[in-house]
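Residue numbers for the sequence shown follow numbering that gives the first Met the number 0, beginning at 0 and rising by one. Built from N, CA and C at the ideal position, the CB exists for glycine as well. Please read these numbers as outputs of a predicted model, since none were measured by experiment. Here is the structure we will look at, set down as structure tokens.
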Amino acid sequence: MATDSPPHDLAIDRLLAVYDVRSHHSIEVDAAPAAVYQAVRELDLGRSLPVAALMFVRTIPRLLTGKVRPSRSITLEDIVQAGFTILEERPPNELVIGAVGRFWRPDSGVVPVTVEEFGTFNEPGFARSAMSFAVEERGEGSLLATETRVACTDASARRKFSLYWRAIGPFSGLIRRIVLADIKRAAEKVDPGEVPRTGVGRQGIEP
Numbered sequence: 000m001a002t003d004s005p006p007h008d009l010a011i012d013r014l015l016a017v018y019d020v021r022s023h024h025s026i027e028v029d030a031a032p033a034a035v036y037q038a039v040r041e042l043d044l045g046r047s048l049p050v051a052a053l054m055f056v057r058t059i060p061r062l063l064t065g066k067v068r069p070s071r072s073i074t075l076e077d078i079v080q081a082g083f084t085i086l087e088e089r090p091p092n093e094l095v096i097g098a099v100g101r102f103w104r105p106d107s108g109v110v111p112v113t114v115e116e117f118g119t120f121n122e123p124g125f126a127r128s129a130m131s132f133a134v135e136e137r138g139e140g141s142l143l144a145t146e147t148r149v150a151c152t153d154a155s156a157r158r159k160f161s162l163y164w165r166a167i168g169p170f171s172g173l174i175r176r177i178v179l180a181d182i183k184r185a186a187e188k189v190d191p192g193e194v195p196r197t198g199v200g201r202q203g204i205e206p
């Protein structure tokens with residue numbers, strides 16, 4: 000069952016407090032926060048045919064120019080290699096990734112940045128995007144929420160991103176709902192004895 004009530008005290012509130020676009024989705028999971036967080040960390044978007052198809056369409060321009068190679072795996076490591084940065088990790092409660100780019104362009108125009116650079120980046124013509132996965136204990140289960148925020152650096156970027164978001168926003172929301180459902184299924188299959196004490200399936204990744 001989905002809910003619109005987000006977890007409290009989110010790191011994303013500090014990392015991107017002011018934004019132009021916000022998208023939030025959540026789902027209840029019949030598993031402990033540690034198991035849910037492990038499922039988030041081990042997520043491979045390439046295993047979901049609908050998500051893989053939607054993301055493949057998005058990357059076609061880069062495939063044609065040779066800027067990216069086709070891959071059946073879309074893990075957190077792959078996302079980081081594509082230019083995203085792990086902005087903060089607080090296992091088993093929150094993971095925030097972010098990127099700076101011109102997302103409305105066919106190649107996304109992603110510029111790799113550090114955590115510090117992400118917070119202060121203000122070059123005209125760009126947008127900063129942050130996405131969080133937050134896990135909150137709810138009774139014997141958990142509430143898993145994902146939130147995406149985008150802040151543009153100037154009016155020109157804001158206009159371009161607005162047009163882009165009108166086109167891809169519904170598909171973006173669909174991807175997030177599919178991802179939440181995939182994480183839910185994975186977390187609910189985890190044997191509690193297999194969950195590490197830290198609640199993390201793999202160690203933190205340095206961008």
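Taking the Cβ atoms as the reference, V35 lies roughly 4 Å from A186, within the contact range of under 8 Å.
The C-beta of A16 has fewer than 16 other C-beta atoms within 10 Å across all chains shown, which makes the residue exposed.
Contact check for P91 and A33: beta-carbon distance about 5 Å, within the 8 Å limit, so the pair qualifies.
Ranked by Cα distance from R89, the options I11, W164 and S171 are led by I11.
For R148, the secondary structure class from DSSP, reduced to helix, strand or coil, is strand. Among the bridge pairs identified by DSSP, S131 is matched with V95 and E146. Taking 8 Å as the cut-off, the Cβ atoms of R127 and A154 do not count as close.
Taking 8 Å as the cut-off, the beta carbon of F117 is found closer than this to the beta carbon of G97. Boundaries around L86 are those of the beta strand (DSSP E), T84 to R89, since no alpha helix (DSSP H) includes it. Taking a 10 Å sphere around the C-beta of T119, we find fewer than 16 other C-beta atoms and assign the residue as exposed. Distance from the CA of Y163 to the CA of A38, rounded to the nearest whole angstrom, comes to 30 Å.
The C-beta of G138 has fewer than 16 other C-beta atoms within 10 Å across all chains shown, which makes the residue exposed. About 5 Å separates the beta carbons of G45 and S72, which is inside the 8 Å limit, making them a contact pair.
Nearest C-alpha to V114 among G82, G108 and F102: G82. A straight line joining the alpha-carbon of D77 with that of L94 spans about 16 Å. In the displayed model, V35 falls within a helix according to three-state DSSP.
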